[in-house]
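Report on the structure given below.
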Amino acid sequence: MLVAGAKGFAKEVLEILHQNSYKKRIVFFDDISNEIPGKLYGQFNVINNFDDVINYFKKSGNNYTIGIGGPKQRKHIYNQFSNIGGKLCSVFSVNSDIGHYNSKIEEGCIIASGVIITNDVKIGKASIININSTIGHDTLIGAFTEICPNVGISGNCEIGDNVFIGTNATILPNVRIGVNSVVGAGSVVTKNIPDDTLAFGIPAKRIKSLK
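Numbered by our numbering, the letters in the sequence shown go through residues -12 to 198 in order.
Structure representation (structure tokens):
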């Protein structure tokens, strides 16, 4: 498994992969930072150019996951790796709890430790559900969305594509959050949030447009 990224969130992805016994088959990719050593934690190879990624896919298989947060960054990496034949894979912590009835999690999602996902939940491609977050019944989460740690999303909610929801935010039932929007940490969302909007507060209010 190749992990796109080798800092920050990639270290959390590493722990989930470790739980799933991938330890001997993990390689990291980072073409931005000059601070990353050739081996992360002294044991995991780090490659730093796209030609090496192509060679890795040819020799070791084309499975990869995205170890970088942020909707825009994740979508960019997905497009890059898709163009060279990469197969985006989901990574689920063994310490997560996912409902057994009609819940669907699309390719490339990261489901971290302590996450609870109930029934009739749909989560779009390459989204992150981070540590100890809860997703209630009949909720739809779009592609490339990032749900930070300790977020509570109630039932019958709709979260659009490319949304970022900050740590400890609470989304009350029957709320829609539009595409490309950001909800600030600790906010309580009681009403719908339009597309391309930064919202923050208790209750959350529009701060500015993100267009």
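Virtual Cβ for every residue (Gly too), placed ideally from N, Cα, C.
Start and end residues, beta strand (DSSP E) containing asparagine 199: In this structure the chain extends from -12 to 198, so residue 199 is not present and cannot be described.
Check: serine 120 C-beta below 7 angstroms from any heavy atom of the ligand COA: Because no ligand of any kind appears in the structure shown, any question about the ligand COA cannot be addressed here.
Opening and closing residue of the alpha helix (DSSP H) in which tyrosine 28 lies: In the sequence shown, the residue the question calls residue 28 occupies position 41. If you look at tyrosine 28, you'll find it isn't in any alpha helix (DSSP H); DSSP assigns it neither H nor E.
Anticipated Cβ contact below 8 angstroms, glycine 54 with valine 0, distance rounded: Along the sequence shown, read from residue 1 onward, the residue named residue 54 stands at position 67. Along the sequence shown, read from residue 1 onward, the residue named residue 0 stands at position 13. So it is a contact: roughly 4 angstroms between Cβ atoms.
Where alanine 172 sits in the DSSP three-state scheme: Residue mapping note: residue 172 aligns to position 185 of the sequence shown, counting from 1. Alanine 172 falls in the coil class under three-state DSSP.
Same chain, Cβ closer than 8 angstroms to proline 24, five either side skipped, listed in chain order: Here residue 24 corresponds to residue number 37 of the sequence shown, with the count starting at 1. Non-local beta-carbon contacts of proline 24 in its own chain, meaning distances under 8 angstroms to residues more than five positions away in sequence, involve Val33 in chain order.
Short Cβ contact (8 angstroms threshold) for isoleucine 194 with phenylalanine 187: The residue labelled residue 194 in the question sits at position 207 within the sequence shown. The residue labelled residue 187 in the question sits at position 200 within the sequence shown. Result yes, Cβ atoms of isoleucine 194 and phenylalanine 187 sit closer than 8 angstroms.
Bridge partners - lysine 192, DSSP secondary structure assignment: For the purposes of this step, residue 192 is taken as residue 205 along the sequence shown, with counting starting at 1. Its beta-bridge partners are Phe187.
Cβ pair cysteine 280, glycine 111 closer than 8 angstroms: Outside the modelled stretch of the chain, which goes from -12 to 198, sits residue 280, for which no answer is possible.
C-beta contact flag for threonine 157 and valine 169 at 8 angstroms: The residue you call residue 157 lines up with position 170 of the sequence shown. The residue you call residue 169 lines up with position 182 of the sequence shown. No. Outside cutoff.
Host beta strand (DSSP E) of asparagine 143 (start-end): Here residue 143 refers to the residue found at position 156 when the sequence shown is read from its first residue. Asparagine 143 -> no beta strand (DSSP E), and no H or E assigned at all.
For alanine -9, three-class secondary structure by DSSP: Within the sequence shown, the letter at position 4 stands for residue -9. Shown here, alanine -9 sits in a strand according to DSSP, grouped into three states.
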